[in-house]
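Chemist: Before I ask anything, here is the structure I am working with.
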Amino acid sequence: MHLKLTPSILGMNVSPPAASQSCSGTSSVVNDMQSLKNVVGNKIGRDPELVLAILPMSSTDIYHAIKSFGDIITGFPTQCRENKIKRANDQYCANLGMKINAKLGGVNSLPRSGALEKLSALHQH
Numbered sequence: 418m419h420l421k422l423t424p425s426i427l428g429m430n431v432s433p434p435a436a437s438q439s440c441s442g443t444s445s446v447v448n449d450m451q452s453l454k455n456v457v458g459n460k461i462g463r464d465p466e467l468v469l470a471i472l473p474m475s476s477t478d479i480y481h482a483i484k485s486f487g488d489i490i491t492g493f494p495t496q497c498r499e500n501k502i503k504r505a506n507d508q509y510c511a512n513l514g515m516k517i518n519a520k521l522g523g524v525n526s527l528p529r530s531g532a533l534e535k536l537s538a539l540h541q542h
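Using this note's numbering, the first residue of the sequence shown is number 418, and each one after it goes up by one.
Written as structure tokens, this is what we have:
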């Protein structure tokens, strides 16, 4: 499985990336993320639905800066991954796809039980 194919295999409808942005290090993350937000806003007329950040190994400072800017300051979800994408196996791609799906408001699984079905039926009436 290839990361690009994973969303459609998982039943997700995902548009191609609106933009990409390289980052030169921890000190420029906020400026780089703001630039990305502006480029996406100009291109599609709204903030990004999600920012997928491919990080160098052991980059906790960059990780925290991206999470803070995206998740806290601007309010758009972020998914950070170490740069293992090129050698990612099927399980890695599926796991990443499910994380992204959940962050975009999707449902990855539904519990199935008799009790849940009864509660659901009561709620519908």
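Ideal Cβ positions, reconstructed from N, Cα and C, are used throughout, including at glycine.
#1: Going by the beta-carbon positions, is the gap between I479 and V446 smaller than 8 Å?
#2: Mapping DSSP to helix, strand and coil, what is Q496?
#3: Going by beta-carbon coordinates alone, are T477 and D488 separated by less than 8 Å?
#4: For L467 versus I517, is the C-beta distance shorter than 8 Å?
#5: So what does DSSP say about V457, is it helix, strand or coil?
#6: Compare the C-alpha of Q438 against each of M515, G428, N455 and S432 and name the closest.
#7: Please determine, among D464, A470, R463 and P434, the residue with the shortest C-alpha to C-alpha distance to S441.
#8: Quick check on L533: does DSSP put it in helix, strand or coil?
#9: Kindly indicate the opening and closing residues of the beta strand (DSSP E) around I483.
Modeler: A quick look at the data gives this:
#1: yes
#2: strand
#3: no
#4: yes
#5: helix
#6: N455
#7: A470
#8: helix
#9: No beta strand (DSSP E) contains I483, which is instead part of the alpha helix (DSSP H) from T477 to K484.
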